[in-house]
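Data block below; observations after.
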Amino acid sequence: MELHPLTWLFAAALLASLATRLWLATRQMRHVAAHRGAVPAAFAGRVPLQAHQRAADYTIAKARFGLLTTAFAAAVLLGWTLLGGLDVLNAVVRDAVQPRFGNMAYQLALLASFVLIGALLDLPFEWWSTFRIEQRFGFNRSTGRLFATDLAKSLLVGAALGLPLAALVLWIMGRSGSWWWLWAWGAWTAFNLLILLIYPTWIAPLFNKFEPLRDETLAARVRSLMERCGFAAKGLFVMDGSRRSAHGNAYFTGLGAAKRVVFFDTLLSTLSPGEVEAVLAHELGHFKRRHVLKRMATMFALSLAGLALLGWLASRSWFYSAFGVQPNLAVPNDALALLLFALALPVFGFFVSPLAALLSRRHEFEADAYACAQASGADLASALIKLHQDNASTLTPDPLYVRFYYSHPPAGERLAALRTQPA
Ligand SMILES: [Zn+2]
Numbered sequence: 019m020e021l022h023p024l025t026w027l028f029a030a031a032l033l034a035s036l037a038t039r040l041w042l043a044t045r046q047m048r049h050v051a052a053h054r055g056a057v058p059a060a061f062a063g064r065v066p067l068q069a070h071q072r073a074a075d076y077t078i079a080k081a082r083f084g085l086l087t088t089a090f091a092a093a094v095l096l097g098w099t100l101l102g103g104l105d106v107l108n109a110v111v112r113d114a115v116q117p118r119f120g121n122m123a124y125q126l127a128l129l130a131s132f133v134l135i136g137a138l139l140d141l142p143f144e145w146w147s148t149f150r151i152e153q154r155f156g157f158n159r160s161t162g163r164l165f166a167t168d169l170a171k172s173l174l175v176g177a178a179l180g181l182p183l184a185a186l187v188l189w190i191m192g193r194s195g196s197w198w199w200l201w202a203w204g205a206w207t208a209f210n211l212l213i214l215l216i217y218p219t220w221i222a223p224l225f226n227k228f229e230p231l232r233d234e235t236l237a238a239r240v241r242s243l244m245e246r247c248g249f250a251a252k253g254l255f256v257m258d259g260s261r262r263s264a265h266g267n268a269y270f271t272g273l274g275a276a277k278r279v280v281f282f283d284t285l286l287s288t289l290s291p292g293e294v295e296a297v298l299a300h301e302l303g304h305f306k307r308r309h310v311l312k313r314m315a316t317m318f319a320l321s322l323a324g325l326a327l328l329g330w331l332a333s334r335s336w337f338y339s340a341f342g343v344q345p346n347l348a349v350p351n352d353a354l355a356l357l358l359f360a361l362a363l364p365v366f367g368f369f370v371s372p373l374a375a376l377l378s379r380r381h382e383f384e385a386d387a388y389a390c391a392q393a394s395g396a397d398l399a400s401a402l403i404k405l406h407q408d409n410a411s412t413l414t415p416d417p418l419y420v421r422f423y424y425s426h427p428p429a430g431e432r433l434a435a436l437r438t439q440p441a
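Residue numbering for the sequence shown follows my numbering, starting at 19 and increasing by one per position.
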């Protein structure tokens with residue numbers, strides 16, 4: 019049997035990315051273990067040895083589990099594609115659904131069954147991560163019942179939003195000729211903006227409780243910071259993050275004037291008001307330095323390029339057969355094309371992830387600098403140390419692992435950069 023060059027390229031990229039991921043994970047485990055014995059000099063006196071070692075153990079436990087999930091994900095991907103899993107699923111769903119319910123129902127059923135099988139395969143790993151790893155280090159606050167309702171809700175919300183979008187895109191693909199990808203991109207972009215708009219008021223409250231920030235002193239401080247920065251937001255909210263996890267966070271959500279500031283209750287219970295202000299000033303920095311806008315523009319540009327590429331690939335029969343699927347002869351191939359594209363693209367995308375991580379880390383430094391100008395740099399530094407300690411993030415990651423995966427610079431680098439800021 020003659021294999022298409024794309025098959026070789028895909029297999030080589032999959033193998034190379036798998037080998038790189040496993041190699042990076044073992045590097046990270048070894049590096050963290052080697053530095054477990056002593057708190058790095060820059061943190062001496064500020065981080066107890068016990069906390070440092072807990073962070074090391076947590077990081078290693080997660081990386082070890084990551085080896086397993088990485089290998090499993092690669093096996094599943096291989097199973098779907100070159101080993102013929104998607105081909106079998108397609109034939110079964112097509113023959114069962116298409117004759118009775120038509121092309122659209124067949125294509126939606128194919129997408130839905132693919133997503134459901136994927137969720138089912140991931141389930142044991144998610145369960146293990148929550149109830150074994152997070153539990154062992156004292157982070158998990160979720161229960162079996164909450165885990166199950168979360169899962170059911172995610173599936174329902176996913177279906178309620180995903181199925182209409184999929185139907186619209188499939189309809190566009192079937193109707194608008196060789197320029198379908200441009201229209202599909204318009205629909206995709208509008209959908210994403212709509213989600214941003216409705217997420218804070220419609221979706222997030224399905225999973226968490228949001229209450230207005232009651233601490234008036236802190237609220238006054240936060241409002242004066244936002245005024246200083248010329249930033250409008252619709253409200254300050256506290257989210258019951260502690261329902262599921264002890265990890266803390268603060269974020270902005272929503273679009274335009276409907277933006278909200280959300281604090282995890284876990285963040286407010288560990289940080290002083292000054293530190294909360296500094297963390298928020300950092301988040302404001304991402305808006306003021308236009309990181310949020312740039313990130314969105316990049317995402318939309320990349321999805322346009324991706325859809326244009328798919329527009330070209332979808333009409334070629336070798337695109338299907340190269341990934342182990344026989345294209346349908348009598349019915350549309352659009353759902354198949356979308357699935358194959360979504361399966362194959364991340365394998366190649368892995369190799370540009372260091373670039374994305376680099377840009378993201380650069381943005382973090384810029385946001386830190388902004389925070390120093392608008393709030394206290396000393397407060398930001400102590401908040402960073404507290405958050406690292408609370409999240410058991412390692413202070414001594416492997417430098418190469420950082421280059422590939424870290425969207426935030428390691429604490430040591432961030433503190434060093436903060437010290438160079440004018441007070
Ligand atoms: Zn940031």
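Glycine is no exception: its CB is placed at the ideal position from the N, C-alpha and C atoms.
Treat the numbers as computed from the prediction; the structure is a model and nothing was measured.
Check, Outcome
"If A429 and L418 are in contact, beta carbons under 8 angstroms, what's the gap, nearest whole angstrom?", "Wrong, their Cβ atoms sit about 18 angstroms apart, outside the cutoff."
"Closer than 6 angstroms: is that where the CB of A391 sits relative to any heavy atom of ligand 1?", "no"
"If I measure Cβ to Cβ from Y217 and keep anything under 8 angstroms in the same chain, skipping five residues before and after, which residues do I get?", "T271 and G272"
"Report buried or exposed for M317, applying the criterion of at least 16 other Cβ atoms within 10 angstroms of its Cβ.", "exposed"
"If you drop the 5 nearest sequence neighbours on each side, which residues of the same chain put their C-beta closer than 6 angstroms to that of L129?", "A184 and A353"
"Curious, which full-length beta strand (DSSP E) runs of at least 3 residues does the stretch 206 to 283 contain?", "228 to 230, 253 to 257, 268 to 271 and 278 to 282"
"Rounded to a whole number of angstroms, what is the C-alpha to C-alpha distance between Q12 and L298?", "Outside the shown range of the chain (19 to 441) lies residue 12, about which nothing can therefore be said."
"Would you check whether ligand 1 has a heavy atom nearer than 6 angstroms to the C-beta of A74?", "no"
"Please classify V279: is it buried, with 16 or more other beta-carbons within 10 angstroms of its beta-carbon, or exposed?", "buried"
"Round the Cβ separation of A340 and T25 to the nearest angstrom and send it over; I've been treating them as touching at under 8 angstroms.", "5 angstroms"
"Output yes or no for whether 7 angstroms exceeds the beta carbon distance between V365 and L32.", "yes"
"Identify every residue that forms a DSSP beta bridge with N158.", "S263"
"Looking at C-beta atoms only, is the number of pairs between the stretch 162 to 181 and the stretch 189 to 205 that lie closer than 8 angstroms three or more?", "no"
"Cβ of A399 versus every heavy atom of ligand 1: is any distance shorter than 6 angstroms?", "no"
"When every heavy atom of ligand 1 is checked, does at least one fall within less than 6 angstroms of the C-beta of A385?", "yes"
"Ligand 1 and E295: does any heavy atom of the ligand fall closer than 6 angstroms to the residue's C-beta?", "no"
"Flag E442 as yes when its Cβ comes closer than 6 angstroms to any non-hydrogen atom of ligand 1, and as no otherwise.", "No answer is possible for residue 442: it lies beyond the span of the chain, which begins at 19 and ends at 441."
"Considering only the alpha carbon of each residue, which of T38, L212 and E20 lies closest to F422?", "T38"
"Could you check whether the stretch 299 to 310 touches the stretch 375 to 390, counting it as contact only if at least three pairs of C-beta atoms, one from each stretch, sit closer than 8 angstroms?", "yes"
"Check whether the stretch 72 to 81 touches the stretch 107 to 122, counting contact only when three or more Cβ pairs, one atom from each stretch, lie closer than 8 angstroms.", "no"
"Determine the direct distance from the alpha carbon of S335 to that of R262, and round the result to whole angstroms.", "47 angstroms"
"According to DSSP, is P428 helix, strand or coil?", "coil"
"With a cut-off of 8 angstroms, do at least 3 Cβ pairs link the stretch 239 to 252 to the stretch 199 to 210?", "no"
"Should F359 and L322 be called a contact, given that it needs their Cβ atoms to be closer than 7 angstroms?", "no"
"Please tell me whether P23 has its Cβ less than 7 angstroms away from any Cβ of chain D.", "Absent from the structure: chain D. Only one protein chain is present."
"Going along the chain, which residues of its own chain have a beta-carbon closer than 7 angstroms to the beta-carbon of V349, five neighbours each way excluded?", "R112, Q116, N121 and Y124"
"Which same chain residues end up closer than 8 angstroms to L211 when comparing Cβ atoms and leaving out the 5 residues on each side of it in sequence?", "L273"
"I'd like to check one pair, L231 with A237: are the Cβ atoms closer than 7 angstroms?", "yes"
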